[in-house]
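Numbering (this note's numbering), first residue to last: 19 to 232.
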């Protein structure tokens, strides 16, 4: 059974190597190629702290100011995992929950760019996007699903072939904002659609710093 999430996971990694480069992080050449194509030069502090931990499959709770590269900090380890441990049959292995449609679009865009040279597939399930096209994409079992809780629940209820039984990694982006959506997350648990005990390893919880600390 999966170990309990620990908020102190990064304490041992607080003193990260400030000279760490993307090439030092044991990332696949396909990801390094995407990083170069996106114009990234040096990893940001949050990326230096999180990526080496995430690549090892450990749980992470991280806070950083907006615009410091949090999405790449959790997306790169996830993509590395999918590349290193591919599945023969298509299954959805990673669930990224986001509190808003706008954040979902942003996370999906960055993740797709990072995966541009890989065969890894992604799907965005948020409001304001055609439901039928989303259902078709979900039936194809994308590797990574990025969704708002409300739209995720709709698809679980209305799309019988869609399930979360193969999820290995859960990411709560801007986790602090989910406090306002606890009722939606509770519905997922009550429907037995999201069973924490079934996840194999990693959870990543990211949240922005309060404005006073940015």
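Cβ atoms here follow ideal geometry from the backbone N, Cα and C, with glycine treated the same way.
The structure presented is a predicted model; accordingly, all values stated were derived computationally and were not measured.
Spatial distance of residue i from residue j (CA atoms)
{"i": "residue 110", "j": "residue 172", "result": "17 Å"}
{"i": "residue 69", "j": "residue 152", "result": "30 Å"}
{"i": "residue 65", "j": "residue 124", "result": "17 Å"}
{"i": "residue 115", "j": "residue 93", "result": "13 Å"}
{"i": "residue 36", "j": "residue 148", "result": "44 Å"}
{"i": "residue 167", "j": "residue 182", "result": "13 Å"}
{"i": "residue 103", "j": "residue 117", "result": "29 Å"}
{"i": "residue 60", "j": "residue 39", "result": "6 Å"}
{"i": "residue 142", "j": "residue 128", "result": "12 Å"}
{"i": "residue 43", "j": "residue 195", "result": "30 Å"}
{"i": "residue 52", "j": "residue 58", "result": "9 Å"}
{"i": "residue 73", "j": "residue 98", "result": "7 Å"}
{"i": "residue 175", "j": "residue 162", "result": "19 Å"}
{"i": "residue 67", "j": "residue 78", "result": "10 Å"}
{"i": "residue 108", "j": "residue 131", "result": "21 Å"}
{"i": "residue 41", "j": "residue 63", "result": "15 Å"}
{"i": "residue 46", "j": "residue 154", "result": "30 Å"}
{"i": "residue 71", "j": "residue 158", "result": "30 Å"}
{"i": "residue 85", "j": "residue 54", "result": "19 Å"}
8 Å Cβ cutoff met for residue i and residue j
{"i": "residue 164", "j": "residue 126", "result": "yes"}
{"i": "residue 190", "j": "residue 177", "result": "no"}
{"i": "residue 91", "j": "residue 80", "result": "yes"}
Nearest neighbour of residue i, chosen from the options [CA to CA]
{"i": "residue 180", "options": "96, 63, 170, 186", "result": "170"}
{"i": "residue 122", "options": "186, 145, 41, 137", "result": "145"}
{"i": "residue 184", "options": "112, 167, 74", "result": "112"}
{"i": "residue 119", "options": "135, 154, 192", "result": "192"}
{"i": "residue 56", "options": "78, 76, 73, 135", "result": "135"}
{"i": "residue 186", "options": "45, 130, 95", "result": "95"}
{"i": "residue 188", "options": "108, 67, 131, 76", "result": "76"}
Assigned exposure category for residue i - 16 Cβ within 10 Å defines buried
{"i": "residue 100", "result": "buried"}
{"i": "residue 133", "result": "buried"}
{"i": "residue 87", "result": "buried"}
{"i": "residue 160", "result": "buried"}
{"i": "residue 150", "result": "exposed"}
{"i": "residue 49", "result": "buried"}
{"i": "residue 140", "result": "buried"}
{"i": "residue 89", "result": "buried"}
(Q) As an exercise, report each continuous alpha helix (DSSP H) stretch of at least 4 residues that is fully enclosed by the stretch 102-177, in chain order. (A) 119-132, 149-157, 167-176
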